[in-house]
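>
Below, the structure written as structure tokens:
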């Protein structure tokens, strides 16, 4: 399964948003990978170093790819993390 999602948190996938993303990815049995939309390079969504290493910014689109029994649930939860502003993001 695959999904394209726009990153809403102002800090992109750095610090707190990345931590929430990785924690969520690790709560599922599915194998989830993440990359920039339109790019073939994917990294493990369960790795904080790999996720922050992508340097994804606010407003960028990312591609989520999941495989496993709860792949759809994992994608739903990760899309929620990516599409929800962090507290303090409102201007």
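Residue numbers (UniProt numbering): 1 to 91.
The C-beta atom is built at its ideal place from N, Cα and C for all residues, glycine as well.
(1) Verify whether the separation of the beta carbon atoms of residue 22 and residue 51 is less than 9 Å.
(2) Just mark residue 12 as buried or exposed, buried being the case when its beta carbon has 16 or more other beta carbons within 10 Å.
(3) Determine the contact status of residue 54 and residue 62, defining contact as a CB-CB distance below 9 Å.
(4) Determine the closest residue to residue 29 out of 18, 71, 64 and 87, with distance taken between C-alpha atoms.
(5) Please determine, among 85, 41, 45 and 59, the residue with the shortest C-alpha to C-alpha distance to residue 67.
(6) Which residues in the same chain have their Cβ closer than 8 Å to the Cβ of residue 58, if we skip the five residues on either side of it in sequence?
In terms of the structure at hand:
(1) Taking the first residue of the chain shown as 1, we reach residue 22 at position 22. Taking the first residue of the chain shown as 1, we reach residue 51 at position 51. Going by C-beta atoms, residue 22 is nearer than 9 Å to residue 51.
(2) Within the chain shown, numbered from 1, the residue matching residue 12 stands at position 12. Classified as buried, residue 12 has 16 or more neighbouring CB atoms from the shown chains inside 10 Å of its CB.
(3) The sequence position of residue 54 within the chain shown is 54, counting from 1. The sequence position of residue 62 within the chain shown is 62, counting from 1. Yes.
(4) For the purposes of this step, residue 29 is taken as residue 29 along the chain shown, with counting starting at 1. If we check each option's Cα against that of residue 29, 71 comes out closest.
(5) Locating residue 67 in the chain shown gives position 67, counting from the first residue. The candidate whose alpha carbon is nearest that of residue 67 is 45.
(6) Here residue 58 refers to the residue found at position 58 when the chain shown is read from its first residue. Only 7, 8, 9, 10, 11 and 12 meet the Cβ criterion.
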